[in-house]
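*Asks:* Supplied in structure tokens, the structure appears directly below.
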Amino acid sequence: MKENDSKHRILILGASGFIGNAIYKELCSYFKTFGTYRVPHKIYKDNNHFLQYNVEEDDVYDVLNATKPTIIISALRGDFQAQTIAHQHLSEYVLEHDCKIIFLSSANVFDAYSKYPSYELDKTFSGSIYGHFKIKIENMLLRLPKKKAAIVRLPMVLGAQSPRIKELKQHLADKTAIEIFPNIIMNVTTDSKVTQQIHYMINRNKSGVFHLGSTDLVHHDEYIKDIVNQITTKNGVLYKHVYTTNEDRYLAVLPKFNKLPKHLQVTSLEVLQELNK
Numbered sequence: 178m179k180e181n182d183s184k185h186r187i188l189i190l191g192a193s194g195f196i197g198n199a200i201y202k203e204l205c206s207y208f209k210t211f212g213t214y215r216v217p218h219k220i221y222k223d224n225n226h227f228l229q230y231n232v233e234e235d236d237v238y239d240v241l242n243a244t245k246p247t248i249i250i251s252a253l254r255g256d257f258q259a260q261t262i263a264h265q266h267l268s269e270y271v272l273e274h275d276c277k278i279i280f281l282s283s284a285n286v287f288d289a290y291s292k293y294p295s296y297e298l299d300k301t302f303s304g305s306i307y308g309h310f311k312i313k314i315e316n317m318l319l320r321l322p323k324k325k326a327a328i329v330r331l332p333m334v335l336g337a338q339s340p341r342i343k344e345l346k347q348h349l350a351d352k353t354a355i356e357i358f359p360n361i362i363m364n365v366t367t368d369s370k371v372t373q374q375i376h377y378m379i380n381r382n383k384s385g386v387f388h389l390g391s392t393d394l395v396h397h398d399e400y401i402k403d404i405v406n407q408i409t410t411k412n413g414v415l416y417k418h419v420y421t422t423n424e425d426r427y428l429a430v431l432p433k434f435n436k437l438p439k440h441l442q443v444t445s446l447e448v449l450q451e452l453n454k
């Protein structure tokens, strides 16, 4: 397995972020794996597999030339305009080299739809600036030859170190209200499941569009309360109910065409159980 895997050189853009770092830790034992970080930190400076890269200031070609990847995983964050230019350069690189890109997208590419969950081939339609940006990058990558790109649409990604969990803990510590959306129906996943799924996609040379959410759907308000009950025993937690609509609204990405094997699927209950470990 390891010998076969070693043929890949993997570059993770945004490897110091929550999901990017989880992917790096999953892959670095199997592949020659490089990552970028934005803010100088001793932990990255001392690791010669990490390169400093600021999407607003630096040219991504410098990173590409230094690492010569056969697979690029984009988990970038930052200015949308700068990211768009970077992804144009990535697309050009992928076209000209024996290389493929895996782009981490979001359920928000469907946030203007409301009546149904979304599947891989559904037309994207967003009402948010973030969703519009993700659609723009997706469309750019969908113009590449099919084998050259994989688009991974993620729902809310949870984990012990996830920004969402840290935010909830901060609210609990500060005794401030946690926003919940009673009419939003969504699905969820964990960082560990996403990393396993991406590892599988690399091993199997998968391309196309993938929806990596839990197989079942949950209401935002009920699920956030379930999470809070996992991380605190305190009573009197403050909640702020936010109603964006009077009817149920879906923000869920479900697979129909590109289903992964059973052991790589996850349920919302399994996500909760993992948070409890």
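Sequential numbering from 178 applies to the sequence shown in the numbering used here. Even for Gly, the Cβ is constructed at its ideal location relative to N, Cα and C.
#1: Does the structure place the stretch 321–334 close enough to the stretch 388–395 that three or more beta carbon pairs sit under 8 Å?
#2: Could you have a look at His464 and say whether DSSP puts it in helix, strand or coil?
#3: Can you tell me the Cα-Cα spacing of Val443 and Ala263, whole angstroms?
#4: Look up Lys417 in the DSSP assignment and give the residues it is bridged to.
#5: Three-state secondary structure (DSSP) at Ala263?
#6: Any idea which residues DSSP pairs Thr247 with across the strands?
#7: With DSSP as the reference, label Phe287 as helix, strand or coil.
#8: Which runs of the alpha helix (DSSP H) fall wholly inside the stretch 183–239 and span at least 4 residues, in chain order?
#9: Roughly how many angstroms separate the alpha carbons of Phe462 and Asp351, rounded to a whole number?
#10: State the Cα-Cα distance for the pair Tyr290 and Ala284, rounded to the nearest angstrom.
#11: For a test of your reading of the model: does the CB of Ile357 fall under 7 Å from any non-hydrogen atom of the ligand HEM? Yes or no.
#12: Please report how far the alpha carbon of Thr422 lies from the alpha carbon of Phe287, in whole angstroms.
#13: By Cβ distance below 6 Å, which residues in the same chain neighbour Arg426 in space, the five residues on each side in sequence not counted?
#14: Suppose you measure from the CA of Thr367 to the CA of Ser282; what does that come to, to the nearest Å?
#15: CB Leu318 to CB Ile278, shorter than 8 Å?
#16: Where does Tyr427 fall in DSSP's three states?
#17: Can you tell me whether DSSP reads Thr366 as helix, strand or coil?
#18: Only counting the same chain, and skipping five residues up and downstream in sequence, which positions put a Cβ closer than 7 Å to that of Asn198?
#19: Any idea what DSSP makes of Arg341, helix, strand or coil?
#20: Could you give the DSSP three-state label for Val329: helix, strand or coil?
#21: Among Val271, Leu428, Asp398 and Thr244, which has the Cα closest to the Cα of Ser303?
#22: Could you please give the first and the last residue of the uninterrupted beta strand (DSSP E) stretch that includes Val405?
*Replies:* Let me spell this out:
#1: yes
#2: As displayed, the chain neither begins before 178 nor continues past 454, which places residue 464 out of reach and without an answer.
#3: 32 Å
#4: Glu356
#5: helix
#6: None; Thr247 has no bridge partner.
#7: helix
#8: 195–204 and 219–222
#9: Nothing about residue 462 can be reported from this structure: the residues present for the chain run from 178 to 454 only.
#10: 11 Å
#11: Of the ligands one can find in the structure shown there are none, so the ligand HEM has no counterpart to examine.
#12: 16 Å
#13: Ser291, Asn360 and Ile361
#14: 15 Å
#15: yes
#16: strand
#17: strand
#18: Ala192
#19: helix
#20: strand
#21: Leu428
#22: Careful: Val405 lies outside any beta strand (DSSP E), inside the alpha helix (DSSP H) at His397 to Ile408.
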